[in-house]
Structures are given as C-alpha cells and as structure tokens.
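Novice:
In my numbering, the protein residues as written are 1329 to 1574.
(1) Suppose the cutoff is 6 Å on Cβ atoms and the five residues either side in sequence are ignored; what does the same chain contact list for residue 1515 look like?
(2) Measuring straight from C-alpha to C-alpha, what distance separates residue 1483 and residue 1473?
(3) Determine whether the beta carbon atoms of residue 1540 and residue 1534 lie at a separation below 9 Å.
(4) Here's the rule: buried if 16 or more other CB atoms are within 10 angstroms of the residue's CB, otherwise exposed. What is residue 1411?
(5) May I have the straight-line CA-CA distance separating residue 1386 from residue 1396, to the nearest angstrom?
(6) What's the C-alpha gap between residue 1500 and residue 1481?
(7) Please report the straight-line C-alpha distance between residue 1551 and residue 1543, rounded to a whole angstrom.
(8) Going along the chain, which unbroken runs of the alpha helix (DSSP H) with 4 or more residues stay wholly within the region 1492–1541?
(9) Taking the alpha-carbon positions, what's the residue 1475 to residue 1486 distance?
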C-alpha cells in the first residue's frame, strides 16, 4: 500500500507531462480542419452521421450522469487511463499503414507466385498437347496404352489380392501368437500355483509332530544301517588285507 501511494505522484506527473506534450504537439503541428473532423467522425461507431451523433450524445450523457451521481470520480487514474488510451490510439494509427503495406506486399507476392505457377502449368500442358498432336499413329498408340492400362489394372488387382492374403496371414499369425502366449502364461501361472500349493502342503506336513517323528525315525534307521554296513565292511578279510597293504 505504501509503495502504491509513493508511486501515485510519479504516475500523476508522468500523465500530466504526457498530456502537455500531446497538447503542445497538437498546437505546434498544423493540420487540416476537415481531415480532423472526418477522422473524428470515422472513429465513432455507426454507419450514418445520425447514428454517430446518437452514440456521441448517449456516451456524453452517460459520462455526465456518472460524474454527477458520483458513481465515477474523476481522478488521476482517469488521466492515466485517458493518456494510455490516447497513446494506444496514436500508436495504432501510425502502425496501421505499415502493417497494411506489409500485408499488401505479402498478398502481391503470393499472387505473383500463383500467377507464375499457373503460367508454367499452362505452358507445360500446352507443350504436352503439342507433343501429342505431333503423333502420327494415334490409334495404335491408343490401343497399346489401353492394353497397358488393362494389364496394369490386372496386376494391381493381383497385387491387392496378394496384399489381402498377406494381411490375413499376419492377422492369423498374430492371433496364434497371442493364443500361444496366453496358454504359456496360463500354464506358467498354473505351475506356479501348483508349486506354491505343494510347498505349502509340504511345509504344513512338516509341522505335523507325527510326520516329524517318522522322518526322525527314518533318519535314525538310515544312520544305523549305514553304520552296520561300515562295521561289516571293516570286519571282512578283504578290508583287513587292504589295511595290511596300507
């Protein structure tokens, strides 16, 4: 807020200087009164002079009513707005002609390019017509061209048929590949489910005390059997001879 209050006098001074410069420029540059009147009238909305006068009267009355009723208070912001509007109007007035000239030059350049292209096309067509007119055996050439066109149409039909067959084969192959991938994924998921089920079942069975006791008994029997075999092997004559040799 303090920054806005501090910047307001600077804006007022700038707007006043702009207004003074505009008034001084208006008094210093001589202009034709009729041209000014016509430019002012042309800037107003409406097609006829009556409509323009009506718009001007309504606008003036509305502005007077707003100021009289204190709906709109004339202050330095109004001066800034008027100055900015005048600057934009002057800028638009002086920039309109260069932009119009640039647009006209661009349009003329495009027209020249199109005209040149049309002339070149007409010349090429005329040259082709002259070349065809110089042909003597026109009937034979026409027959040959007809045969060539018929053969071309036949080849195009065959090529189109082959293309359709290839497309159908590609679609069938893609469908079969998708089926194979689907079956492989289903089989893989089933195998994973089966393996998970078996692992879970084995883990669950291993948690059973009876099965743990059976496994322990079987392990003890296997160890005893292996120990008995080693004892028998150590007591055999062959084992004694091998020990003596060593």
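C-beta atoms are modelled at their ideal positions from N, C-alpha and C, and glycine is treated no differently.
Specialist: In this structure, then:
(1) none
(2) 15 Å
(3) yes
(4) buried
(5) 15 Å
(6) 28 Å
(7) 12 Å
(8) none
(9) 16 Å
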